[in-house]
């Protein structure tokens, strides 16, 4: 065992004992994607714990951070250890101004049983899709009971990240665009629980009706999960107990239907795929020179791919 | 030349003559990702035309479709041929209800010089990131002067797609969440032109100030592009001439600074990478069995990747 191996094992031991600084350093190692990611992965096998991984997503302005904060308060009341991962897929900044709304989470900043971490996609090999499952593993292995992943927006990256959660909450707020706009972003498909936040505002019932009519369009198997719709006013803590109950029910349903294991296997698959494709992309580099030849129509992109791979790219359905 | 080659070449010839049905069929071939994608790529080399590729992005509700429609009207007045690509990265539906707002574009539906197409990510090998550059190539080679790509949301997928455009318009509307929320989604980085739509509403000046203070935080080289901010009321056509002028100015700047060629090379690189990685992913499958072993902590994900690749995954920085 090298000295660097020993250092990682020591950090891992301290993280498991609740040392937040050690945990932070392990996550930084994973984020940086350097040689030590292998050692971190080896030092922190995920023993099958009962950690609940909960994703929160929704358009800017619906109150994701406020709802996350209220959920932390709710789970802390149950005595559970909580980690929050705030994911900004394309934030050009880290720290500083951008973390303005993180300030609202200050009430939990001094609680040693609450760990809060922001992640942006900068400097992640293979992007957030690659780094997030690894960070999740570090948090799970360090013994957190609840992991909340908060993502900005409802694009494909968010859908991918939501796919890492056991339960995904899709937040809406009255007056943030009509139902069709919401469904356009594909939220119906990723939602396990709908949350209408700011439900004391005008239009909450209209939002509720919009979700119901969208749900009515989808045909379901009899034993399929039917997303509940929970109304909250997160900044006053209203509806948060009901939301936690809805998450618990979804978790029970997952366990009963073998879905919990399936989702964990999918999460592992996403992590392995990101590592495999990252390694392959480094071996088969698309050079500026060959890109230039395609841009100037010297060759077509499939012939360029053949050149890079050294054999003919097979197209499925051939 | 096989019969299927001949059929593709004939479709390509008809598309170049302005036959919209032939063009639609070529795009379907590309979207389906079957064997004929190679033939389409070969039959439609992009001769270096002056097509302007313009991306529009922004949160749901800011008026992207209305602005797109107004831009189509503006460019048609100049006698230009216009294609619109409406990209729903995660729409679970195609056609039907989801295309509700496409109805607003009906005024252009019968114009033979305007081609409108919706794309969702379903059934695209390698996702939209793979299919979109190929569809762009078909449209460019078919002789469109302007290609508008409208994307929903501001997630990573949208940022990637925006990266395919020569000029990216980021749309905001008053009262759609504060400036910090907007920047969280990384829009400052992808925007070439900011559009404050619905600028007749309360709060338009506050939105303008928010963008200006965000821009002030970023240090720039003296010769760097400084994003203009254009106010529009798209449903009344107000500000659209100014917007088209801003796009023209950005294009001139790109050409002067060699950026137009660089962006086109990047677009080619994205297309080749998607083809290369798609082929590699099909050769190196992450099985359920190995995912299960990682999920149950039998092996760590890096060892799993080693097994799949048949040698040790190199981690950069080792």
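Chains as they are written, first to last, in our numbering: chain A, 1 to 318; chain B, 1001 to 1318.
Using N, Cα and C, we set each Cβ at its ideal position, and we do this for glycine too.
At least one CB of chain A closer than 8 Å to the CB of residue i: is that the case?
i, result
"residue 1235 of chain B", "no"
"residue 1291 of chain B", "yes"
"residue 1016 of chain B", "no"
"residue 1182 of chain B", "Residue placement at residue 1182 of chain B cannot be trusted, given a pLDDT of 48 that sits under 50; what the coordinates show is reported in the next sentence. Yes, residue 1182 of chain B counts as interfacial toward chain A."
"residue 1027 of chain B", "no"
"residue 1258 of chain B", "no"
"residue 1300 of chain B", "yes"
"residue 1273 of chain B", "yes"
"residue 1174 of chain B", "no"
"residue 1008 of chain B", "no"
Starting from residue i, follow the beta strand (DSSP E) in both directions and report where the run begins and ends.
i, result
"residue 230 of chain A", "229 to 231"
"residue 52 of chain A", "52 to 57"
"residue 1171 of chain B", "1167 to 1172"
"residue 1147 of chain B", "1146 to 1151"
"residue 1196 of chain B", "1193 to 1196"
Give the straight-line distance between the Cα atoms of residue i and residue j, rounded to the nearest whole angstrom.
i, j, result
"residue 1279 of chain B", "residue 1131 of chain B", "14 Å"
"residue 54 of chain A", "residue 147 of chain A", "6 Å"
"residue 113 of chain A", "residue 74 of chain A", "13 Å"
"residue 1015 of chain B", "residue 1141 of chain B", "9 Å"
"residue 1229 of chain B", "residue 108 of chain A", "39 Å"
"residue 1255 of chain B", "residue 1300 of chain B", "49 Å"
"residue 1314 of chain B", "residue 1281 of chain B", "17 Å"
"residue 1182 of chain B", "residue 63 of chain A", "Below a pLDDT of 50, predicted positions are generally treated as unreliable, and residue 1182 of chain B, at 48, falls in that range; the measurement from the model is reported next regardless. Rounded to whole angstroms, residue 1182 of chain B to residue 63 of chain A spans 13 Å at the Cα level."
"residue 20 of chain A", "residue 30 of chain A", "15 Å"
"residue 65 of chain A", "residue 84 of chain A", "10 Å"
"residue 203 of chain A", "residue 59 of chain A", "17 Å"
"residue 270 of chain A", "residue 1260 of chain B", "36 Å"
"residue 38 of chain A", "residue 1038 of chain B", "39 Å"
"residue 1239 of chain B", "residue 1143 of chain B", "27 Å"
"residue 306 of chain A", "residue 1025 of chain B", "26 Å"
"residue 1218 of chain B", "residue 1168 of chain B", "18 Å"
"residue 1050 of chain B", "residue 292 of chain A", "17 Å"
"residue 264 of chain A", "residue 145 of chain A", "16 Å"
"residue 11 of chain A", "residue 1046 of chain B", "54 Å"
"residue 1312 of chain B", "residue 1303 of chain B", "8 Å"
"residue 194 of chain A", "residue 170 of chain A", "5 Å"
"residue 1078 of chain B", "residue 210 of chain A", "40 Å"
Under 8 Å between C-beta atoms, does residue i make it to chain B?
i, result
"residue 315 of chain A", "yes"
"residue 94 of chain A", "The predicted model places residue 94 of chain A with a pLDDT of 36, which falls under 50 and marks its position as unreliable; any figure quoted below should be read in that light. Taking Cβ atoms only, chain B never reaches closer than 8 Å to residue 94 of chain A, which makes this a no."
"residue 294 of chain A", "yes"
"residue 244 of chain A", "no"
"residue 249 of chain A", "no"
"residue 288 of chain A", "yes"
"residue 304 of chain A", "yes"
"residue 148 of chain A", "no"
"residue 310 of chain A", "no"
"residue 268 of chain A", "yes"
"residue 170 of chain A", "no"
"residue 276 of chain A", "yes"
"residue 203 of chain A", "no"
Cβ-heavy atom distance between residue i and the ligand ATP below 7 Å?
i, result
"residue 1271 of chain B", "Looking at this structure, you won't find the ligand ATP or any other ligand, since it has none at all."
Thinking just about the alpha-carbon of each residue, which of the options is nearest to the one in residue i?
i, options, result
"residue 1224 of chain B", "B/1211, B/1206, B/1203 and B/1258", "B/1258"
"residue 1008 of chain B", "B/1166, B/1083 and B/1040", "B/1040"
"residue 1214 of chain B", "B/1226, B/1222 and B/1203", "B/1226"
"residue 1294 of chain B", "A/21, A/29, A/44 and A/5", "A/44"
"residue 1267 of chain B", "A/290, A/193 and A/81", "A/290"
"residue 1172 of chain B", "B/1298, B/1275, B/1233 and B/1302", "B/1233"
"residue 118 of chain A", "A/236, A/252, A/27 and A/22", "A/27"
"residue 243 of chain A", "A/50, A/67 and A/10", "A/67"
"residue 1287 of chain B", "A/164, A/287 and A/273", "A/273"
"residue 1137 of chain B", "A/296, A/56, A/283 and A/312", "A/296"
"residue 1298 of chain B", "A/42, A/276 and A/34", "A/42"
Taking the alpha helix (DSSP H) that residue i falls in, what are its first and last residues?
i, result
"residue 272 of chain A", "259 to 283"
"residue 1024 of chain B", "1020 to 1032"
"residue 311 of chain A", "Run containing residue 311 of chain A: none; DSSP gives neither H nor E here."
"residue 291 of chain A", "288 to 295"
"residue 1218 of chain B", "Taken as a continuous stretch (DSSP letters only), residue 1218 of chain B belongs to no alpha helix (DSSP H), as it is neither H nor E."
"residue 39 of chain A", "37 to 43"
"residue 68 of chain A", "64 to 77"
"residue 253 of chain A", "240 to 256"
"residue 1011 of chain B", "1003 to 1016"
Find the residues of chain C that neighbour residue i, judging by a C-beta separation of less than 9 Å, and give them in chain order.
i, result
"residue 1052 of chain B", "This model lacks chain C altogether, as its protein chains are A and B."
Kindly give me the distance between the Cβ atoms of residue i and residue j, rounded to whole angstroms, as I take these residues to be in contact under 8 Å.
i, j, result
"residue 150 of chain A", "residue 190 of chain A", "Not really, about 14 Å apart at Cβ, beyond 8 Å."
"residue 1220 of chain B", "residue 1166 of chain B", "With 8 Å as the limit, residue 1220 of chain B and residue 1166 of chain B do not qualify as a contact, their Cβ atoms being about 20 Å apart."
"residue 174 of chain A", "residue 206 of chain A", "7 Å"
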